[in-house]
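Numbering (our numbering), first residue to last: 7 to 353. We treat Cβ as the ideally placed atom computed from N, Cα and C, and that holds for glycine. Computed from a prediction, not measured in an experiment: that's the story for all the values here.
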Amino acid sequence: MSLKEVYGPYFKIGTAVSAKDLRDPQAQEILKLQYNSITCENAMKPRYLLDENENRGNAEKYDREPAVRFDRIRDCLEFASANGIGMRGHTLVWHGQTPEWFFMEGYRTGEGSVPAGRDVMLARLEHYIRSVLEFVQEQYPGTVYAWDVVNEAAADSGGLRASRWTQTAGEDFILQAFRFAKKYAAPGVKLFYNDYNTYLPCKREMIIEHILKPLLAEGLVDGVGMQSHLLMHSPESAEYDRTVRAFGSLGLEVQITELDIHNAVCSERSMEELAKRYREIFSILLQAKKEGAANITGVTFWGMRDETSWLTEFRKETSYPLLFSGNFMPKMAYHAVMGVPRVHYAD
Ligand code: XIL
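Right, here's the structure in full:
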């Protein structure tokens, strides 16, 4: 049995993949065996899709219709569609990993440069979303089943995050992005709002009241993504559970989109604790699903194995946060996750 088989009756199991993973035959085998969803760890972000040379070299021509290049995502789309694996598109609109020049008048940076106005930015936004969705839908129909339309727009303190997007397009950029995504998305493609630390109570409330409810009122959003870059003791399980249920009660799909649990100690004892924490998280998810409290439709791990996890760089210490290590050896955490459905659905 594999992860996708054990969880098949409940929700998709996915992983983030790097360009390197996709070229590694061993990683490819694991992808086909264990997962029915993949997310490009970086390649689908605006930094890699926006064509810098083209746009900046012909700024007038592309001022309202930015040039987009797709050579970096073909591999992944090809692999996914050839193997019947679905993809989460991550991410259309984000303040991170989006080049500074994209937000500027004439795509010019440096001395004397000025941020572009709302009208131009909304035109760029629409054209970008349209280009990306149409490419993916025409060339690989049915492969990308969900999009993170907007990523990380809420601040941890509970307000809207001030960013180049709010500064240029305006504070309604989330609504605008979803309107464009809805306009160009193929029928059945699910539109998600995605964020981290969604279990901080004031951030959760802000996301529900000021992001999700307005989107729901216009019928623009299908789901909410809880990134879930967790620590060993934070958030408390109860708070995580509350969050899953709070989002679930809105009638939206809930997906765990970037799961990992930072752990900087690789002793047997510590890896046992990691396994226990994973067991708790998956129990929460299955229980909420079983009770009909949250329509959880997917859980994606942020990386295939400890050695390539982004957390080591992000946390500035070696992290052992995932289910596999080394040559894709399953860790205790893997067996713990595999065991949860047996307990929950024994009857
Ligand atoms: C991370 C990638 O894993 C890194 O390789 C990259 O250097 C930075 O971005 N939230 C997100 C993801 O939405 O896109 C981020 O991915 C991790 C945090």
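Cβ neighbours of residue i in the same chain (closer than 7 Å, five flanking residues each side left out)
i      : result
Leu128 : Ala175 and Gln182
Tyr202 : Glu158, Gln233 and His235
Asp353 : Because the pLDDT at Asp353 is just 49, under 50, the model does not fix this residue reliably, and the value given afterwards should be weighed accordingly. Excluding sequence neighbours, Asp353 sits near nothing in its chain.
Arg348 : none
Ala252 : Arg210 and Ile214
Ser276 : Asn269
Ile217 : Ala159, Ala160, Ile180 and Tyr199
Arg286 : Residue 286 is actually Glu in this sequence, not Arg. Ser243, listed in sequence order.
Per DSSP, cross-strand counterpart(s) of residue i
i      : result
Lys196 : Ala152
Ser119 : According to DSSP, which records beta bridges pairwise, Ser119 is partnered with nothing at all.
Pro336 : Phe330
Val230 : Tyr199 and Val260
His235 : Asp266
Gly304 : Lys18 and Gln261
Leu56  : Val74
Leu166 : Ala160
Neighbourhood of residue i by C-beta, 8 Å cutoff - its chain only, sequence neighbours within 5 removed
i      : result
Lys282 : Ala342
Asn89  : Leu37 and Lys38
Trp107 : Glu58, Asn61, Arg62, Tyr113, Arg114 and Thr115
Thr314 : Ser24, Lys26 and Asp27
Gly194 : Tyr151
Pro121 : Phe109, Met110, Glu111, Arg170, Gln173 and Thr174
Residues of its chain near residue i, where Cβ-Cβ distance is below 6 Å and the 5 sequence neighbours each way are ignored
i      : result
Asn200 : Asp154, Asn157, Gly231 and Thr263
Gln34  : none
Phe198 : Ala152, Asp154, Gly229 and Gly231
Trp146 : For clarity, residue 146 is Tyr in the given sequence; the question names Trp instead. Hits under 6 Å: Leu83 and Ser87.
Pro241 : Tyr205
Leu291 : Ile302
Ala339 : Leu280, Ala281, Tyr284 and Leu329
Boundaries of the beta strand (DSSP E) in which residue i is found, first to last residue
i      : result
Ala244 : Ala244 -> not in any beta strand (DSSP E); alpha helix (DSSP H) instead, spanning Ser243 to Gly254.
Ala22  : Lys18 to Val23
Thr45  : Ser43 to Cys46
Residue range of the alpha helix (DSSP H) that includes residue i
i      : result
Val142 : Arg124 to Gln145
Gln261 : Note, Gln261: premise wrong, no alpha helix (DSSP H); beta strand (DSSP E) at Glu259 to His268.
Met93  : Run containing Met93: none in the alpha helix (DSSP H); it sits in the beta strand (DSSP E), Gly92 to Val99.
Val271 : No alpha helix (DSSP H) contains Val271, which DSSP labels as neither H nor E.
Ile36  : Pro31 to Gln40
Phe179 : Phe179 to Tyr190
Tyr205 : No alpha helix (DSSP H) holds Tyr205; DSSP gives it neither H nor E.
Anticipated Cβ contact below 8 Å, residue i with residue j, distance rounded
i      : j      : result
Ile19  : Ser43  : 7 Å
Cys272 : Tyr205 : Their Cβ separation, rounded to whole angstroms, is 26 Å, which puts Cys272 and Tyr205 out of contact at 8 Å.
Phe17  : Val305 : 6 Å
Residue i Cβ short of 8 Å to ligand 2 heavy atom set
i      : result
Trp308 : Although ligand 2 was asked about, the structure shown includes only ligand 1 as ligands.
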